[in-house]
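Colleague: Residue numbers (my numbering): 103 to 342. Just so you know, even glycine gets a beta-carbon here, dropped at the ideal spot from N, CA and C. None of the values given here were measured: they were computed from a predicted structure.
1. Here's a check: name, in chain order, each residue in its chain whose Cβ is nearer than 8 Å to the Cβ of residue 312, leaving out the five neighbours to either side.
2. Taking three-plus beta-carbon pairs below 8 Å as touching, is the stretch 255-262 in contact with the stretch 192-205?
3. Kindly indicate which three-state DSSP category residue 282 falls into: helix, strand or coil?
4. Please classify residue 264: does DSSP put it in a helix, a strand, or coil?
5. Any idea what DSSP makes of residue 209, helix, strand or coil?
6. Would you identify the three-state DSSP class for residue 200, choosing helix, strand or coil?
7. Cutting at 6 Å between CB atoms, please list the residues of its own chain near residue 242, excluding the five before and the five after it.
8. Can you list, in chain order, the residues of its chain with a C-beta nearer than 6 Å to that of residue 329? Leave out the 5 residues immediately preceding and following it.
9. Between the C-alpha atoms of residue 247 and residue 162, what's the straight-line distance to the nearest angstrom?
10. Sorted by chain position, which residues of the same chain lie with C-beta nearer than 6 Å to residue 292's C-beta, five sequence neighbours on each side aside?
11. According to DSSP, is residue 288 helix, strand or coil?
12. Please tell me whether, using a cut-off of 7 Å, the distance from the CB of residue 268 to the nearest non-hydrogen atom of the ligand COA is below it.
13. Where does residue 188 sit, in a helix, a strand or coil, going by DSSP?
14. Please state whether the Cβ-Cβ distance between residue 157 and residue 236 is less than 8 Å.
15. Could you work out which residue in 232, 244, 254 is closest to residue 212 when comparing CA atoms only?
16. Note the first and the last residue of the continuous beta strand (DSSP E) segment covering residue 225.
17. Please state the DSSP three-state secondary structure of residue 245.
18. What number of angstroms, rounded off, separates the C-alpha of residue 273 from the C-alpha of residue 219?
19. Using only CA atoms, which one of 339, 226, 281, 334 lies nearest to residue 290?
20. Within the same chain, show all residues whose beta-carbon is closer than 7 Å to that of residue 203, passing over the 5 residues directly before and after it, in chain order.
21. Taking its Cβ as the centre, do 16 or more other Cβ atoms sit within 10 Å of residue 302, making it buried, or is it exposed?
22. Cutting at 7 Å between CB atoms, please list the residues of its own chain near residue 266, excluding the five before and the five after it.
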């Protein structure tokens with residue numbers, strides 16, 4: 103009878119694994135049962151020293167692991183890999199995020215100022231219009247780690263140089279010209295391929311945004327062209 107009681111107690115202890123919320127800053131901990139788990143998620147700056155982690159406590163009181171530890175590490179590493187990938191692919195390039203939409207007058211003036219600034223310097227830039235290609239907006243948000251990032255914004259060698267305020271200050275102090283003196287110069291005159299618009303009609307679907315028709319279950323489905331954007335356009339190969 104005593105052995106069966108011990109077995110039942112041991113079985114109940116194994117099933118009653120608790121989650122403790124431990125705060126490393128003050129050492130406080132609070133227990134919560136599995137039937138009512140905390141659905142909160144760790145949020146905040148990863149560089150701060152104090153962080154709240156979920157400890158998985160076993161029946162003997164030992165720490166078996168941390169909840170969401172792998173997910174947090176993957177998010178941190180993912181942000182690092184994004185930054186490194188842009189720095190490698192944009193080495194020796196000037197990337198400018200702008201918009202051609204004329205809804206906000208101040209934004210239009212700032213984008214025109216940035217274009218004129220690099221035209222006067224005679225530098226070749228990779229202009230990415232977030233109005234012509236919506237993926238550029240998502241790309242900019244990822245690079246700056248914010249949502250709905252504003253334009254214009256300039257990147258040099260994959261590193262953020264800033265917006266119109268930072269560029270204007272660097273230009274007035276003469277530091278911008280010295281900083282970009284070794285970058286590629288642009289060709290004089292208008293581009294013979296796109297006429298200066300930086301985009302051309304898709305060479306695969308010719309602007310229709312459709313690749314081909316496929317019959318599936320007595321229905322003809324039209325597949326989306328993967329070579330162009332939502333407007334049926336491709337970036338000009340000479341201007342990018």
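Modeller: Walking through what the data contain:
1. Here residue 312 is taken as the residue at index 210 of the chain shown, counted from 1. Cβ neighbours of residue 312 beyond the five flanking positions: 324, 325, 326, 327.
2. yes
3. The residue given as residue 282 occupies position 180 in the chain shown. Of the three classes helix, strand and coil, the one that applies to residue 282 here is coil, per DSSP.
4. Sequence index remark: in the chain shown, residue 264 carries index 162 (1-based). Residue 264: strand per DSSP, three-state reduction.
5. Taking the first residue of the chain shown as 1, we reach residue 209 at position 107. DSSP places residue 209 in helix when its eight states are reduced to three.
6. Counting from one through the chain shown, the residue named residue 200 turns up at place 98. It is a strand residue.
7. Position 140 of the chain shown, counted from the start, is the residue given in the question as residue 242. Closer than 6 Å at the Cβ level, and outside the excluded window around residue 242, lie 199, 251.
8. Residue 329 sits at position 227 when you count from the first residue of the chain shown. The residues are 304, 306.
9. One-based indexing of the chain shown puts residue 247 at position 145. One-based indexing of the chain shown puts residue 162 at position 60. Each residue's alpha carbon lies about 42 Å from the other.
10. Stepping through the chain shown from its first residue, residue 292 is reached at position 190. Counting only Cβ-Cβ distances below 6 Å, and skipping sequence neighbours, we find 298.
11. If you number the chain shown from 1, residue 288 lands on position 186. Looking at residue 288 - three-state DSSP - the assignment turns out to be coil, as it is neither helix nor strand.
12. Annotation note on the ligand COA: not contained in the displayed structure, which lists no ligands.
13. Translated into the one-based positions of the chain shown, residue 188 becomes position 86. It is helical.
14. Counting from 1 along the chain shown, the entry for residue 157 is found at position 55. Counting from 1 along the chain shown, the entry for residue 236 is found at position 134. It is not a contact, given that the beta carbons lie outside the stated cut-off.
15. Walking along the chain shown from the start, residue 212 turns up at place 110. Selected option, being the one with the closest Cα: 254.
16. As a first step, residue 225 is located in the chain shown; it is residue number 123 there, counting from the start. Per DSSP, residue 225 belongs to no beta strand (DSSP E) and is neither H nor E.
17. For the purposes of this step, residue 245 is identified with residue 143 of the chain shown, where counting begins at 1. Here residue 245 sits in helix by DSSP.
18. The residue given as residue 273 occupies position 171 in the chain shown. The residue given as residue 219 occupies position 117 in the chain shown. Their Cα atoms are separated by approximately 8 Å.
19. Position 188 of the chain shown holds residue 290. With distances taken between Cα atoms, residue 290 lies closest to 226.
20. The sequence position of residue 203 within the chain shown is 101, counting from 1. Result list for residue 203: 233, in chain order.
21. Position 200 of the chain shown holds residue 302. It is buried - the Cβ of residue 302 has at least 16 other Cβ atoms within 10 Å.
22. Counting from 1 along the chain shown, the entry for residue 266 is found at position 164. Same-chain partners within the cutoff: 212, 215, 216, 254.
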